[in-house]
Amino acid sequence: MEVKARAPGKIILAGEHAVVHGSTAVAAAIDLYTYVTLRLPLQADENNDRLTLQLKDLSLEFSWSLARLKEVLPYDSSTSTPASCSDKTLKSIAVLVEEQNIPEEKIWLSSGLSTFLWLYTSILGFSPATVIITTELPYGSGLGSSAAFCVALTAALIASSISDKTRGDGWTSLDETNLELLNKWAFEGEKIIHGKPSGIDNTVSAYGNMIKFCSGEITRLQSNMPLRMLITNTKVGRNTKALVSGVSERTVRHPDAMNSVFNAVDSISKELASIIQSKDEISVTEKEESIKELMEINQGLLQSMAVSHSSIDTVIRTTLKHKLTSKLTGAGGGGCVLTLLPTLVSGTVVDKVVEELESSGFQCFTASIGGNGAEICF
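Each residue of the sequence shown is one higher than the one before, counting from 47 in this note's numbering.
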C-alpha cells in the first residue's frame with residue numbers, strides 16, 4: 047500500500063522578532079512543498095522486517111531492523127494521543143541515530159532522524175515501511191522546512207490508518223479532526239528539532255492559508271486576495287538564537303525606544319491582516335500598494351533591531367532598482383528575503399530581477415502566498 051502526503055513551507059509576512067516581545071506576527075503558507083511517500087509492504091513481501099528512510103534530495107538512505115527498534119524503544123500502543131517525547135526515549139533514539147553513521151557534513155540531520163523515528167513509532171508502532179522524502183524547500187533558510195517535514199510525515203502516517211482510502215483525483219485535505227491531531231503531533235516533532243518552537247510553522251503548514259500569532263495565541267486568517275512573492279535565499283547561514291538575544295539585549299539598554307518599535311510592528315501586522323482579509327471593494331492594486339508600504343516600514347524597523355545583513359541589503363537594493371519592495375523574513379542575519387510581485391508587474395521585469403540576484407550567488411523562487419495546507423493522495 048502506498049500513501050502520499052505533502053505540506054507547504056511558510057513565510058513570516060510581518061512581525062518577526064517583535065513577536066517575542068508581545069507584538070502580533072502574520073505568517074502564510076507558500077506553494078513550495080515537502081513530499082512524503084509511505085510504502086507499507088504486503089505481508090508476503092520480503093522487505094517486511096525493516097524501516098527505511100530515503101532522503102532523495104540528499105541521496106541518503108537510513109535503515110533500521112524492526113528487531114533493533116523493539117530492543118531499544120519503548121512502545122505503548124495507546125500513544126494515539128500526541129504527547130511530548132521523554133528525555134529517556136530521546137536518548138534511546140539518539141543511539142539508533144548514531145548507529146547510522148551520518149556523514150560529518152550532514153550531522154545537522156540527526157534531530158530530523160530522531161523526529162522521524164519518534165513520530166513513526168508513536169503513530170504506527172513497529173510496522174515495516176519505506177518512507178521517501180523529497181522537498182522544494184531549502185534547508186535551514188527560515189522557510190519552515192522542518193515543520194513541513196513533520197507535517198507531511200504525520201499526514202502520511204495518519205492517512206495510512208484511515209479506513210476509507212478512496213482513490214481520488216489528486217490531492218485532498220484531511221478532515222478537521224485529523225488536521226487537529228496532525229498539527230499536535232507535528233508540534234511535538236518540532237520540539238525535538240527546535241527545543242521550544244512557537245507553533246507558528248507547523249500550524250501554517252498543517253492548515254495552510256495565513257495565521258496571526260500573538261502571545262502564544264494563534265488565529266487562522268482567510269485571505270481574500272491573490273498575493274505573489276519572489277523569495278530570495280541569500281544562502282547566508284544565521285544563528286537565530288544569537289539574533290533573538292541581540293534584540294533582547296538592545297531592549298534592555300533602550301526599553302522605551304525598543305517598545306515603540308515593537309508597538310509599531312504590532313500595528314503593521316494587524317493592518318496587514320486586515321487588508322488581506324478585507325472584502326471591501328478596494329482594488330487589488332490599492333491593497334498591494336498598502337502592503338508594499340507596510341513591508342518597507344517593517345524592514346526599516348527590523349534594521350533598527352540590528353537583524354538585517356549586507357546580503358539582505360543587496361537584495362533590497364537590486365529589487366528597488368526595478369521599483370519592487372523587499373523585506374527580510376524570519377530571523378534575518380541572512381536567510382531569506384521577500385519581494386512583493388504586484389499583479390501588474392511584467393514577467394520581463396521579474397526575469398531581469400531574478401537574473402541579477404542569481405548572478406550575485408542567491409537562489410530565487412516565485413511563490414503564491416496563502417495556499418492549501420497538508421494534503422494526502424492514495
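In this text, a Cβ means the ideal position worked out from N, Cα and C, and glycines have one as well.
- Looking at the backbone, the Cα of Asn344 and that of Asp397 are separated by about 26 Å.
- Between Ala60 and Gly419 the beta-carbon gap is near 20 Å, outside 8 Å, which marks them as no contact.
- Ser191 is the residue among Glu317, Phe408, Ser191, Lys287 whose C-alpha sits nearest the C-alpha of Glu236.
- Taken in chain order, the complete beta strand (DSSP E) segments of 3 residues or longer contained in the segment 78–140 are 96–101, 106–111.
- Distance between Lys373 and Ile257, taken at the CA atoms: about 19 Å.
- For Gly417, there is no enclosing beta strand (DSSP E), as DSSP marks it with neither H nor E.
- Secondary structure note for Ala175: its beta strand (DSSP E) is the uninterrupted segment 175–181.
- Across the structure, Ile179 and Leu84 are spaced so that their CA atoms are roughly 9 Å apart.
- Shown here, Met275 sits in a strand according to DSSP, grouped into three states.
- Relative to the Cα of Ile239, the nearest Cα in the group Phe195, Thr265, Glu226 belongs to Phe195.
- Secondary-structure assignment with DSSP links Phe411 through a beta bridge to Ile277.
- From the listed residues Leu189, Ile322, Gly380, the smallest Cα separation to Gln349 is found for Gly380.
- By DSSP's assignment, Lys242 forms no beta bridge with any residue.
- Short of 6 Å from the beta carbon of Phe233, and not among the five residues preceding or following it, lie these beta carbons of its own chain, in chain order: Gly245, Asn248.
- When C-alpha distances from Lys242 are compared across Lys316, Gly262, Tyr253, Val197, the shortest belongs to Gly262.
- Comparing alpha carbon positions, the residue from Ser320, Ser356, Thr389 closest to Thr70 is Ser320.
- Contact check for Leu199 against Ile277 fails: the beta carbons are separated by 8 Å or more.
- By the 16-neighbour rule on beta-carbons within 10 angstroms, Lys287 is exposed.
- Judged by their CB atoms, Ala75 and Gly416 are nearer to each other than the 8 Å cut-off.
- The shortest C-alpha to C-alpha distance from Gly68 to any of Asp326, Gln409, Ser405, Thr297 is the one to Thr297.
- Between the segment 291–306 and the segment 363–372 there are fewer than three C-beta pairs closer than 8 Å, too few to call the two in contact.
- Proximity to Val391 across Ser109, Thr412, Ser206, Ala377 peaks at Thr412, based on C-alpha coordinates.
- Its chain contains Ser192, Phe195, Ile239 as the residues whose beta carbon lies nearer than 8 Å to that of Gly158, once the 5 sequence neighbours on both sides are disregarded; these appear in chain order.
- Distance from the CA atom of Thr223 to the CA atom of Val197, rounded to whole angstroms, is 15 Å.
- The beta carbon of Glu334 sits closer than 6 Å to the beta carbons of Pro388 from its chain, once the five residues preceding and following it are set aside; these are given in chain order.
- In this structure, the CA atom of Ile57 is about 34 Å from the CA atom of Ser138.
- Measuring C-alpha to C-alpha distances from Ser356 to each of Met341, Ser336, Cys382, Glu332 identifies Cys382 as the nearest.
- Considering only Ala129, Thr127, Val118, the residue with the shortest C-alpha distance to Glu144 is Val118.
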